[in-house]
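**Student:** The sequence shown runs contiguously to residue 267 in the working numbering.
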Amino acid sequence: MLADRIQRIGESPTLKISAKAKSLKAEGIDVIDLSVGEPDFPTPENIKQAAKKAIDDNFTKYTANDGILPLRKAICKKLKEENGVEYEPDEIIVSSGAKNCLYNLCVALFNKGEEAIIPAPYWVSYPAMVELAKGVPVYVNTREENGFRITPKELEAAISPSTKALFLNNPCNPTGAAYTKDELMELAKIAVDEGIVVIADEIYEKLVYDGFSFTSFASLGKKIKEKTIVINGVSKAYSMTGWRIGYAAGPKDV
């Protein structure tokens, strides 16, 4: 009954573990849940009040399919002020969470047989999204001695004539690995030279510690910005996981 591509996709390990953790907690067992990336603080009060006001003002109708203009302008402002990258509103697409943005991007990006380089350990949904888009995941096992960060040498070794994109989750779920600006510059040079699209999943950008300075991949220069799709949202930074608001920023033709 179902399409063949669905048969190849298994149950989400994250949700399976989360359900088990909730079941154990319901039995009174003290469990440390390391499954879903769920912040342990509430959504900020000003955001909740603004949402309540929007409902009271009957702001509950259909919106533009790429997101309302005031929100896309606000995202442009955020990217410029916080990340040093300038975008126009028509280079922003808002969707129902960063995950949906990633899936939409995969469907729009990959032709059958084109490869996506995925540094491992990785967030569990990347391979399934690539496969549903008829692409081919290519895994690069990162090493502890490198902080679980993909190195330029490892990236170059994984590139083939079929390579279309690199997934770069920075900071990374699940390892917590975060890349310095210099490390990103080395990867950016390879991506530009090889014509590879970089899918920069930056949803965890605010979760850095010990004075670490986050650098957005698209901020590294004009050439790399043209090859980068930034994926971000409000789920992690503002504890709005259930609100399902994410966005993609990139070239207009994408």
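Every residue gets a Cβ at the ideal spot worked out from N, C-alpha and C, and that includes glycine. What you are looking at is a predicted structure, and each value in this text was computed from that prediction instead of being measured.
#1: According to the Cβ coordinates, are ALA262 and ILE242 closer than 9 Å?
#2: Quick one: grab the DSSP three-state call for TYR152.
#3: Please work out which residues of its chain come closer than 7 Å, Cβ to Cβ, to ILE30, disregarding the five sequence neighbours upstream and downstream, and give them in chain order.
#4: Which same chain residues end up closer than 6 Å to ASP106 when comparing Cβ atoms and leaving out the 5 residues on each side of it in sequence?
#5: Reducing DSSP to helix, strand and coil, say where ASP43 ends up.
#6: What does DSSP give as the partner residue(s) for VAL210 in the beta ladder?
#7: Only counting the same chain, and skipping five residues up and downstream in sequence, which positions put a Cβ closer than 7 Å to that of TRP256?
#8: Can you name the residues that DSSP bridges to ASN245?
#9: I need the boundaries of the beta strand (DSSP E) containing GLU128, first residue and last residue.
#10: Give the straight-line distance between the Cα atoms of LEU118 and LYS240, rounded to the nearest whole angstrom.
#11: I think PRO150 touches VAL143, with their Cβ atoms under 8 Å apart; what is that distance to the nearest whole Å?
#12: Please go through the same chain and pick out, in chain order, the residues whose beta-carbon is closer than 6 Å to the beta-carbon of GLU167, but skip the five residues on each side of it.
#13: Between VAL221, TYR222, VAL211, which has its C-alpha nearest PHE230's C-alpha?
#14: If you compare alpha carbons, which of GLY97, ALA191, ILE258, ASP206 is closest to SER223?
**Tutor:** From the atom records:
#1: yes
#2: strand
#3: SER48
#4: Reading the sequence as shown, one finds Ile at residue 106 and not Asp. Within the same chain, ILE106 has close Cβ partners ASP79, ALA261.
#5: coil
#6: ALA178
#7: VAL247
#8: TYR260
#9: 128-133
#10: 13 Å
#11: 5 Å
#12: VAL153
#13: VAL211
#14: For clarity, residue 223 is Asp in the given sequence; the question names Ser instead. Here the closest residue by C-alpha is ALA191.
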